[in-house]
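So the sequence shown is numbered by the working numbering: it starts at 10 and just counts up by one.
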Amino acid sequence: MRTQDKTGSSPGIERRPGVMGGDPCIAGTRIPVWLLVQARRLGSTEAELRKAYPRLRTEDLTNAWAYYRSNKDEIEQQITENETG
Numbered sequence: 010m011r012t013q014d015k016t017g018s019s020p021g022i023e024r025r026p027g028v029m030g031g032d033p034c035i036a037g038t039r040i041p042v043w044l045l046v047q048a049r050r051l052g053s054t055e056a057e058l059r060k061a062y063p064r065l066r067t068e069d070l071t072n073a074w075a076y077y078r079s080n081k082d083e084i085e086q087q088i089t090e091n092e093t094g
């Protein structure tokens, strides 16, 4: 079973200092939520995301979408920051 973030408020999502700049990631991975949200926005399906990231489970994607809905402004800012480099 994967862990949740340090605050306990987002199942399956965690932040780790020094990992992906502290951005929220799928627990136990280095896959940031913003990356999954942006990939979906650009047309990737959940099946394509699971193929591109074999460690991802359907539950992980469900957790990422829920995190995005609850933290939209934060994730949008991270997308913007990563687009501008």
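Cβ atoms here follow ideal geometry from the backbone N, Cα and C, with glycine treated the same way.
Please read all numbers here as calculations on a predicted model, not as lab measurements.
The beta carbons of G21 and N80 sit about 14 Å from each other, so the pair does not count as a contact at 8 Å. The C-beta distance from V42 to P33 rounds to 5 Å, short enough to fall under 8 Å.
Collapsing the DSSP output to three states places I40 in coil. Under a 10 Å Cβ-count criterion, L51 is classified as exposed, with fewer than 16 other Cβ atoms of the shown protein chains found around its own Cβ. Under the criterion of beta carbons closer than 8 Å, L70 and E55 qualify as touching, at roughly 5 Å.
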